[in-house]
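*Asks:*
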Amino acid sequence: MKRKMAALTAAVLALSLAACGTGSTASQTGGASQEASSSVASSISQSAGSAEAESRTESAGPEADSAGTSSVSADAAATDSAAETGSTAGTDDSDFSQVLVDDENIHVEIKGIEHDSLWGYTWKMNLKNHTDKTLMYSMENVSVNGVMSDPFWAEEVAPGKEANSDVSWSTSDFEDNDIEQVTEVSFTLHVCDSETFETDYADQEFTVYPLGEDAVQNNTRETGENDLTLFENDQCAMRVTGVNPDGEWGYTLDVTLVNNTDQDVYFSVENASINGVMCDPFWASEVAAGKSANEEISWMDNSLSEAGLDASSVTTIDLPVRVSSSEDFSAEAIIDQTFTLTQEQLQSLGG
190 MKRKMAALTA AVLALSLAAC GTGSTASQTG GASQEASSSV ASSISQSAGS AEAESRTESA
250 GPEADSAGTS SVSADAAATD SAAETGSTAG TDDSDFSQVL VDDENIHVEI KGIEHDSLWG
310 YTWKMNLKNH TDKTLMYSME NVSVNGVMSD PFWAEEVAPG KEANSDVSWS TSDFEDNDIE
370 QVTEVSFTLH VCDSETFETD YADQEFTVYP LGEDAVQNNT RETGENDLTL FENDQCAMRV
430 TGVNPDGEWG YTLDVTLVNN TDQDVYFSVE NASINGVMCD PFWASEVAAG KSANEEISWM
490 DNSLSEAGLD ASSVTTIDLP VRVSSSEDFS AEAIIDQTFT LTQEQLQSLG G
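With the numbering used here applied, the sequence shown has no gaps in its numbers, which climb one by one up to 540 at the end.
1. Quick check on the burial criterion: 16 or more other C-beta atoms within 10 angstroms. Buried or exposed for N460?
2. Opposite H584 in the DSSP bridges: which residues?
3. For F518, count neighbouring C-beta atoms within 10 Å of its own C-beta (all shown protein chains included) and say buried if the count is 16 or more, exposed if not.
4. Starting from Q424, trace the beta strand (DSSP E) in both directions and tell me its first and last residue.
5. Taking the C-alpha atoms as reference points, what is the distance between H379 and D435?
6. What's the call for Q287, buried or exposed, on a 16-neighbour Cβ count within 10 Å?
7. With DSSP collapsed to three states, give me the class of D362.
8. Are there 16 or more other CB atoms within 10 angstroms of the CB of N315, so buried, or fewer, so exposed?
9. When the Cα atoms are used, what is the spatial distance from V397 to N334?
10. Please tell me whether S383 and E345 are closer than 8 Å, where the distance is taken between their beta carbons.
11. For the alpha helix (DSSP H) that L493 lies in, which residues bound it at each end?
12. To the nearest whole angstrom, what separates the beta carbons of T504 and N464, a pair I think is in contact under 8 Å?
13. Can you check which of these residues, S513, W488, T529, is closest to E437 by C-alpha distance?
14. Which same chain residues, not among the five before or five after G257, have their C-beta less than 8 Å away from its C-beta?
15. Distance check for L530 and S494, CA to CA, integer angstroms please.
16. What would DSSP say about E373, mapped onto helix, strand or coil?
17. To the nearest angstrom, how far is it from the Cα of D416 to the Cα of L400?
18. Could you compute how far the alpha carbon of N449 sits from the alpha carbon of E484?
19. Straight-line CA distance for W472 to M337?
20. How big is the Cα-Cα spacing for K156 and L324?
21. Assuming I443 and V429 are in contact, meaning their beta carbons sit under 8 Å apart, how far apart are those beta carbons, in whole angstroms?
22. Can you tell me where the beta strand (DSSP E) holding E344 begins and where it ends?
23. From the DSSP output, in three-state form, read off A522 for me.
24. If you compare alpha carbons, which of A477, S492, F456, E475 is closest to M467?
25. Buried or exposed, going by whether 16 or more other CB atoms sit within 10 Å of the CB of H296?
26. What's the C-alpha gap between I302 and Q534?
27. Given this structure, state the Cα-to-Cα distance separating I486 from Y440, to the nearest angstrom.
28. Check each candidate in S361, A347, A477, E364 and name the one with the smallest Cα separation from C381.
29. My output table needs one value for D403: the three-state DSSP class, helix, strand or coil.
30. My output table needs one value for E293: the three-state DSSP class, helix, strand or coil.
31. Look at the alpha carbon of T385 and the alpha carbon of G539, and state the distance between them as a whole number of angstroms.
32. Is G539 helix, strand or coil when you go by DSSP?
33. Would you mind giving the Cβ-Cβ distance between V331 and V374, rounded to the nearest angstrom? I have them listed as a contact below 8 Å.
34. Helix, strand or coil, according to DSSP, for E298 in the structure here?
35. Using CA atoms only, rank isn't needed, just tell me which of G431, N294, W312 is closest to F285.
36. Counting C-beta neighbours from all protein chains within 10 Å, is the total for T418 16 or more, i.e. buried, or is it exposed?
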């Protein structure tokens with residue numbers, strides 16, 4: 190969302206992965222729905238993973254179990270169910286390796302890390318498909334150092350074949366989230382039939398520690414002096430941290446979202462109004478359990494003009510916010526409230 194190329198890739202990839210597990214891109218609550226497209230996912234996976242490693246470090250240690258949803262540590266003292274890593278606490282993770290899954294159906298392995306690749310911080314992945322079906326490999330609900338940061342990655346592997354693929358995070362996304370060194374990456378690994386989108390081959394949560402568990406840092410943004418807190422309780426929080434009338438996608442609110450619960454949740458906005466005129470940003474964001482996210486809520490210029498508005502004329506925003514379970518939209522919302530941002534508040538935030 191922070192960079193146009195990454196945002197466009199995310200939007201298209203979300204369509205292809207929506208049917209393959211839970212999906213990492215938020216769908217608007219009560220609003221628009223997403224449909225899967227395997228052909229789009231295939232084209233993205235081929236274009237996004239073009240750079241391959243000249244050499245890769247051989248992985249050692251026990252194999253990881255592909256069933257279940259247990260979290261896995263890359264620390265050398267991990268339990269028998271975790272994949273073993275050759276990394277210890279320190280500052281050099283270039284030789285990091287970890288087998289995530291190795292069974293009769295698939296093999297998924299991190300074979301090394303690059304910090305200065307074309308796309309940014311990159312995991313060099315080795316994927317093997319032992320089945321007679323074409324499989325789609327993807328990562329969802331990805332967080333880095335406790336902050337949601339999706340590499341928007343997917344890769345198709347033909348029956349009986351293997352592939353070397355790059356999982357890359359954009360440099361600008363790390364800069365926006367103040368991530369200087371990656372110490373913890375949590376995600377759900379999905380491996381499914383690319384035609385039927387069944388997730389029988391892998392649907393498992395992992396936590397990887399490239400520098401060891403002792404080196405973990407948390408990049409959840411602290412509350413700033415000028416932040417506008419919309420709500421904050423023991424379950425979740427939402428703060429407006431800035432306003433940019435000339436944002437890349439239009440009039441933009443910078444927001445920080447915090448999920449303190451043990452379930453994944455959606456933050457969404459629907460039926461918003463500006464200066465008393467209905468004008469919706471059609472925005473939602475999924476935040477994994479115990480994680481945070483730095484997001485942008487944007488009103489595109491054509492949406493403003495259709496409502497007879499422009500960025501310079503915004504004085505009041507009515508923002509209906511809903512926070513609900515990602516698993517059960519029919520469940521009672523954690524937050525379902527409209528918040529009014531006044532002209533004075535918007536100006537103090539930069540608007």
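For each residue, glycine too, the CB sits at the ideal point set by N, CA and C.
*Replies:* A quick look at the data gives this:
1. Numbered from its first residue, the sequence shown carries residue 460 at position 271. Exposed, by the Cβ-count rule.
2. What the structure shows of the chain is the stretch from 190 to 540, and residue 584 is not part of that stretch, so it cannot be assessed.
3. Your numbering for residue 518 matches position 329 in the sequence shown. By the neighbour-count rule (16 or more Cβ atoms within 10 Å), F518 is not buried but exposed.
4. Numbered from its first residue, the sequence shown carries residue 424 at position 235. Counted as a single uninterrupted DSSP element, the stretch harbouring Q424 is not any beta strand (DSSP E), since DSSP gives it neither H nor E.
5. Translated into the one-based positions of the sequence shown, residue 379 becomes position 190. Translated into the one-based positions of the sequence shown, residue 435 becomes position 246. Between the C-alpha atoms of H379 and D435 there is a straight-line separation of about 37 Å.
6. By one-based count along the sequence shown, residue 287 stands at place 98. Result: buried.
7. As a first step, residue 362 is located in the sequence shown; it is residue number 173 there, counting from the start. In this structure, D362 counts as helix in the three-state DSSP scheme.
8. Counting from one through the sequence shown, the residue named residue 315 turns up at place 126. By the 10 Å Cβ count, N315 comes out buried.
9. As a position in the sequence shown, residue 397 is number 208, starting the count at 1. As a position in the sequence shown, residue 334 is number 145, starting the count at 1. One Cα belongs to V397, the other to N334, and the distance between them is close to 10 Å.
10. Taking the first residue of the sequence shown as 1, we reach residue 383 at position 194. Taking the first residue of the sequence shown as 1, we reach residue 345 at position 156. Between S383 and E345, the C-beta spacing is below 8 Å.
11. In the sequence shown, counting from the first residue as 1, residue 493 sits at position 304. Looking at the DSSP string, the run of the alpha helix (DSSP H) that includes L493 is 490 to 495.
12. Here residue 504 corresponds to residue number 315 of the sequence shown, with the count starting at 1. Here residue 464 corresponds to residue number 275 of the sequence shown, with the count starting at 1. Rounded, the Cβ-Cβ distance is 6 Å, consistent with contact.
13. One-based indexing of the sequence shown puts residue 437 at position 248. E437 has its Cα closest to that of W488, out of S513, W488, T529.
14. Sequence index remark: in the sequence shown, residue 257 carries index 68 (1-based). With a pLDDT of 40 at G257, under the threshold of 50, the modelled position of that residue is not reliable, and no figure is offered here.
15. What you label residue 494 is simply residue 305 of the sequence shown in a count that begins at 1. What you label residue 530 is simply residue 341 of the sequence shown in a count that begins at 1. Answer to the nearest angstrom: the Cα atoms are 20 Å apart.
16. Taking the first residue of the sequence shown as 1, we reach residue 373 at position 184. In this structure, E373 counts as coil in the three-state DSSP scheme.
17. Numbered from 1 along the sequence shown, position 227 holds the residue referred to as residue 416. Numbered from 1 along the sequence shown, position 211 holds the residue referred to as residue 400. When rounded, the distance between both Cα atoms is 33 Å.
18. Taking the sequence shown and counting its residues from 1, the one referred to as residue 449 is at position 260. Taking the sequence shown and counting its residues from 1, the one referred to as residue 484 is at position 295. Rounded to the nearest whole angstrom, the CA to CA distance from N449 to E484 is 17 Å.
19. Position 283 of the sequence shown holds residue 472. Position 148 of the sequence shown holds residue 337. Between the C-alpha atoms of W472 and M337 there is a straight-line separation of about 16 Å.
20. Given that the chain is displayed from residue 190 to residue 540, the structure contains no residue 156 and the question cannot be resolved.
21. The count along the sequence shown starts at 1 and reaches residue 443 at position 254. The count along the sequence shown starts at 1 and reaches residue 429 at position 240. The sequence as given places Asp at residue 443; Ile does not occur at that position. That pair is a contact at about 7 Å.
22. Position 155 of the sequence shown, counting from 1, holds the residue named residue 344. Counting along the chain, the beta strand (DSSP E) containing E344 begins and ends at 343 to 346.
23. The residue you call residue 522 lines up with position 333 of the sequence shown. A522 carries a coil assignment under DSSP once its states are collapsed to helix, strand and coil.
24. By one-based count along the sequence shown, residue 467 stands at place 278. Ranking A477, S492, F456, E475 by Cα distance to M467 puts S492 first.
25. To locate residue 296, count along the sequence shown from 1; it is residue 107. By the 10 Å Cβ count, H296 comes out buried.
26. Within the sequence shown, numbered from 1, the residue matching residue 302 stands at position 113. Within the sequence shown, numbered from 1, the residue matching residue 534 stands at position 345. Between the alpha carbons of I302 and Q534 lies a gap of roughly 43 Å.
27. As a working mapping, residue 486 is identified with position 297 in the sequence shown. As a working mapping, residue 440 is identified with position 251 in the sequence shown. Their Cα atoms are separated by approximately 8 Å.
28. Here residue 381 refers to the residue found at position 192 when the sequence shown is read from its first residue. The residue with the shortest Cα to Cα distance from C381 is A347.
29. Here residue 403 refers to the residue found at position 214 of the sequence shown. D403 falls in the helix class under three-state DSSP.
30. Residue mapping note: residue 293 aligns to position 104 of the sequence shown, counting from 1. Three-state result, E293: coil.
31. By one-based count along the sequence shown, residue 385 stands at place 196. By one-based count along the sequence shown, residue 539 stands at place 350. The C-alpha of G539 is placed about 48 Å away from the C-alpha of T385.
32. Numbered from its first residue, the sequence shown carries residue 539 at position 350. Here G539 carries a coil assignment [DSSP, helix/strand/coil].
33. To locate residue 331, count along the sequence shown from 1; it is residue 142. To locate residue 374, count along the sequence shown from 1; it is residue 185. Rounded, the Cβ-Cβ distance is 7 Å, consistent with contact.
34. Indexing the sequence shown from 1 puts residue 298 at position 109. Reduced to three states, the DSSP call for E298 is strand.
35. As a first step, residue 285 must be located in the sequence shown, where it is residue number 96. The residue with the shortest Cα to Cα distance from F285 is W312.
36. On the sequence shown, residue 418 is found 229 positions in, with the first residue counted as 1. By the neighbour-count rule (16 or more Cβ atoms within 10 Å), T418 is not buried but exposed.
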